[in-house]
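Per the numbering used here, the sequence shown starts with residue 8, numbered consecutively. Reviewing the structure listed below.
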Amino acid sequence: MAPRDMEQYFGPEGLLAGKIQGFEFRSAQLEMAQAVSDCLDEDRPLLVEAGTGTGKTWAYLIAAIASGRKVIVSTGTKTLQDQILDHDIPLLRKHLFANLKVVCLKGRKNYLCRRRFKEFAYQPTFWNRDEARLFRKLQEWAGRTRTGDRSEAGWLPDRFHAWDEVSSNREQCLGQDCEEQARCFLMKARAEAAQARMVIVNHHLFVADLAVRRAGYGEVIPEYQAVVFDEAHQLEDVIGLHFGLQFNIRTLGDLRRDLLREIKRDGGKIRDLQELETTLQHLEVMERLLPAQLRKSAGQQGRFRLDLQRVGTAFVGACGTIIEALKHIAAIVSRFKEDRPPLESSHGWSLELAHCLQSFLDQKDSSLIYWAEVTANSAALHGTPVEVSGIVREHLFAKTSAVVMTSATLSVGGTFEYFRSALGAPDNRREVLLHSPFSYEDQALLYIPSRFPLPHEASFCSSLVEDSLRILQKTKGRALFLFTSYRNLHECHRQLQGRLPYPLLVQGQKAKRALLAEFKEKVDSVLFATSSFWQGIDVPGEALSCLLIDKLPFEVPDDPITAARMEWAAAQGGNAFYQYQVPRAVIQLKQGVGRLIRSSHDRGVVAIFDMRLRAKSYGQLFLQSIPRFRLIDSMEPMDKFLDSRVFEKPSE
Numbered sequence: 008m009a010p011r012d013m014e015q016y017f018g019p020e021g022l023l024a025g026k027i028q029g030f031e032f033r034s035a036q037l038e039m040a041q042a043v044s045d046c047l048d049e050d051r052p053l054l055v056e057a058g059t060g061t062g063k064t065w066a067y068l069i070a071a072i073a074s075g076r077k078v079i080v081s082t083g084t085k086t087l088q089d090q091i092l093d094h095d096i097p098l099l100r101k102h103l104f105a106n107l108k109v110v111c112l113k114g115r116k117n118y119l120c121r122r123r124f125k126e127f128a129y130q131p132t133f134w135n136r137d138e139a140r141l142f143r144k145l146q147e148w149a150g151r152t153r154t155g156d157r158s159e160a161g162w163l164p165d166r167f168h169a170w171d172e173v174s175s176n177r178e179q180c181l182g183q184d185c186e187e188q189a190r191c192f193l194m195k196a197r198a199e200a201a202q203a204r205m206v207i208v209n210h211h212l213f214v215a216d217l218a219v220r221r222a223g224y225g226e227v228i229p230e231y232q233a234v235v236f237d238e239a240h241q242l243e244d245v246i247g248l249h250f251g252l253q254f255n256i257r258t259l260g261d262l263r264r265d266l267l268r269e270i271k272r273d274g275g276k277i278r279d280l281q282e283l284e285t286t287l288q289h290l291e292v293m294e295r296l297l298p299a300q301l302r303k304s305a306g307q308q309g310r311f312r313l314d315l316q317r318v319g320t321a322f323v324g325a326c327g328t329i330i331e332a333l334k335h336i337a338a339i340v341s342r343f344k345e346d347r348p349p350l351e352s353s354h355g356w357s358l359e360l361a362h363c364l365q366s367f368l369d370q371k372d373s374s375l376i377y378w379a380e381v382t383a384n385s386a387a388l389h390g391t392p393v394e395v396s397g398i399v400r401e402h403l404f405a406k407t408s409a410v411v412m413t414s415a416t417l418s419v420g421g422t423f424e425y426f427r428s429a430l431g432a433p434d435n436r437r438e439v440l441l442h443s444p445f446s447y448e449d450q451a452l453l454y455i456p457s458r459f460p461l462p463h464e465a466s467f468c469s470s471l472v473e474d475s476l477r478i479l480q481k482t483k484g485r486a487l488f489l490f491t492s493y494r495n496l497h498e499c500h501r502q503l504q505g506r507l508p509y510p511l512l513v514q515g516q517k518a519k520r521a522l523l524a525e526f527k528e529k530v531d532s533v534l535f536a537t538s539s540f541w542q543g544i545d546v547p548g549e550a551l552s553c554l555l556i557d558k559l560p561f562e563v564p565d566d567p568i569t570a571a572r573m574e575w576a577a578a579q580g581g582n583a584f585y586q587y588q589v590p591r592a593v594i595q596l597k598q599g600v601g602r603l604i605r606s607s608h609d610r611g612v613v614a615i616f617d618m619r620l621r622a623k624s625y626g627q628l629f630l631q632s633i634p635r636f637r638l639i640d641s642m643e644p645m646d647k648f649l650d651s652r653v654f655e656k657p658s659e
């Protein structure tokens, strides 16, 4: 096949320049589009870092569409997925590809299950009164929706517990035995995806499909000829999540509620009813006991290695009791399952849960890290692969060569060494590194103080508060304050409260979407955030004119996954700190820093209060990896840089 010339679309005299008002020619965008087009034609993997402002989304979308192949586009965040579907695709249809058929396919739990909804509505149980009041509105929506996609019901709170009772679920799906199969929202979405030229998914769904195919359970995503991963820096963690083991104690409650609902619906016809109810009551007791037992045995909450000697015989005994209860439930239900599809589903689910929990007691798979996550009310057990490169080679690259992995943050110190090794990229891959077109030295300052306490010193937080107070007074708020821990976040917020005349917003006060909307609306506000706010946040303009970062985002060394992977790297003869911790921290810092300059018109200040950037040898690697801001070590240059016209008080 002759190579396609992407200049016909992206060149100075190309189709986009002729059809899209305000289109700006960007050489990096053309270079990326050509690289994507060539690699799809050649069935060759491509790793491409495209800095903010490159226009990478259109580069890969147009190249993929022009290839004529069936392409899956997998994103890391819902924000990007919505942007592609609601903004990019309609424009491309209007100006370039009038008959383009693109479908968004989501995970099961995003779709309403008609059968489960009908059964729940017959005997509803609600978490609280607010959910009960919302249910009538949900019923009205369920009666008119054509897709069953939860995103249509934007008025539903992020954590609406009843949705778990009425959404599609693999364990409770009856398949061809379901009376609603012909009208199933999930089946309809998958059928449409099978007919589309391009399917938009997220990383979790794509990797779940790889895991399902490996297990021989069919497929989740229809057959495809090429795949583009945007926000590909997230792939290592997502793959680790799906190609291991998971046992969440809450799933026992889901199983128990399903069976109780079936018992009530049966009207007492099931023999051995009392025996089943007694076993379910015993299981409910164990649901509460297991997290408490694990917390007590381990002496802590949070994440930790599942060392059976450390957690003790009481925890092991509780697991054994749950396994026996699940097997007993399966034995009782098996007597009736042939005539009752819901019971057949519960039978298989019970045995699957018992087998999974037994795997955590046996811990026979040496390729997995076994660990626990305990909260105040629940617990989950995980078995995560120590390394995922072999998984990616076997289940992705060996079956699909036309793979594009892109992000604004794939490289470390100008090379793809960490990413290519972690993801097992083949030797015939192509690598392209494209810098942002933004003029960072003109648009932003990077403040790293010349003297400051190190993050582990007792005076760090108080110094952080005083320095950030001075900066926020200069920028008149308009800031995102990113933290690496909730402890620092809450302590700094506590000390700054009442000392700034600007709204102080804190992650967790309300849903993320609502918090971001308020941050954009209240232009002089300061948003205190951690974890998920380091990436995927797009706030161009005045509202985000200052970015504060407490310290370098190194992962906690005693985190079970981090510790195990560092041990593995050391066992291979490498330097675990430089080969694992530093690259991951660099990529995370690049993501955080990337929140500030989102357009060629943005201006602002980045402040990082970590002296290790100056004092440690690896500090230079961080500085080489992030955009080349104008570096300052005192606050005086800020006054001249922060033009008063940009930071005047917003109009009422």
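Glycine included, every Cβ here is placed at the ideal spot set by N, Cα and C.
Counting only the Cα atoms, I455 lies some 5 Å from I615.
Judged by DSSP secondary structure, W170 falls outside any beta strand (DSSP E) and instead within the alpha helix (DSSP H) spanning 169-173. Assigned with DSSP and collapsed to three states, T82 falls in strand. Along the length of the stretch 87-148, whole beta strand (DSSP E) runs at least 3 residues long occupy 109-111, reported in chain order.
As the crow flies, the alpha-carbon of M412 is around 11 Å from that of F423. In this chain, the beta strand (DSSP E) harbouring E438 covers 437-441.
Residue pairing from DSSP places E56 in a beta bridge opposite S414, L440.
Beta bridge pairing from DSSP links D156 with Y118.
By alpha-carbon distance to L559, the top candidate from K597, K527, H249 is K597. Within the same chain, L47, R76, V78, A409 come within 6 Å of A233 by CB-CB distance, once the 5 residues on both sides are set aside.
DSSP places T537 outside both helix and strand once states are collapsed to three, so it counts as coil. Counting only runs of 4+ residues, the alpha helix (DSSP H) found wholly inside the stretch 452-524 occupies 467-482, 493-503, in chain order.
When secondary structure is reduced to three states using DSSP, A325 falls in the helix class. The C-alpha of L267 is placed about 14 Å away from the C-alpha of E351.
Beyond the five residues adjoining it in sequence on each side, I544 comes within less than 6 Å, by CB distance, of R602 in the same chain, given in chain order. Across the set L503, R485, A465, F213, the C-alpha of L503 shows the shortest separation from the C-alpha of D474. Bounds of the alpha helix (DSSP H) holding Y16 are 14-17. Counting C-beta pairs with one atom in each stretch, the stretch 254-263 and the stretch 428-445 have fewer than three that are closer than 8 Å, which means they do not touch.
Distance from the CA of S341 to the CA of H354, rounded to the nearest whole angstrom, comes to 6 Å. DSSP, reduced to helix, strand and coil, places R342 outside both helices and strands of the structure shown, so it counts as coil.
In the three-state DSSP reduction, P567 falls in the helix class (H, G or I). Between the alpha carbons of E31 and C468 lies a gap of roughly 44 Å. Counting only the Cα atoms, D609 lies some 38 Å from S396.
Beta-bridge annotation (DSSP): W378 is paired with R312, H389. Going by C-alpha positions, L22 is about 5 Å away from Y16. Within the same chain, L212, A215, D216, V219 come within 7 Å of V227 by CB-CB distance, once the 5 residues on both sides are set aside. Around the Cβ of H240, a 10 Å sphere holds 16 or more other Cβ atoms; the residue is buried.
When the beta-carbon positions are compared, T84 and I604 stay at least 8 Å from each other. Where A198 is concerned, the enclosing alpha helix (DSSP H) starts and stops at 192-202. Under the rule that a run must span 3 or more residues, the beta strand (DSSP E) segments found entirely inside the stretch 555-622 read 611-615.
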